[in-house]
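Residue numbers (this note's numbering): 5 to 107.
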C-alpha cells in the first residue's frame, strides 16, 4: 500500500468516528481546488503516524480510543504497522458545547 492509499484509508476510517474530523486549514466545501484537504491532517513516518483532529463532541478521551481502534486495522500489514499512533486534537469545535437554549 502506498502512503497516499494509507492516508485515504485512514481518513475513511476516521469518518466512522462521530465527534472527530481531520483538522484542515480550509473546509473542503469552501474551495474549488481539487486537493485532499482531510489527507493533509495525516503524517506518516516509520516511527509515528500522526493525525491532527478537530473534536466536535465531548468527552475527548473516548473519541480518541474509538479513533485508534478504527485506524489500527488500516495500518495492519503495512510498513506503518509498528509505528506509534499519535492522535492530536488541535481544536475543539463550538458544536461540542451544544447549542445555547433560547429564553
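Ideal placement from N, C-alpha and C gives every residue a C-beta, glycine not left out.
CA-CA distance, residue 87 to residue 99, rounds to 32 Å.
Beta-bridge partners of residue 76 (DSSP): none assigned. The three-state reading of DSSP puts residue 18 in helix, counting H, G and I together. Minimum Cα-Cα distance from residue 49 among the listed residues 79, 62, 28 corresponds to 79. 8 Å or more divides the Cβ of residue 96 from the Cβ of residue 71. Residues 91 of the same chain have their beta carbon placed closer than 6 Å to that of residue 68, with the five preceding and five following residues left out of the count.
The C-beta of residue 45 has 16 or more other C-beta atoms within 10 Å across all chains shown, which makes the residue buried. By alpha-carbon distance to residue 10, the top candidate from 94, 93, 75, 102 is 75. Residue pairing from DSSP places residue 58 in a beta bridge opposite 25, 95.
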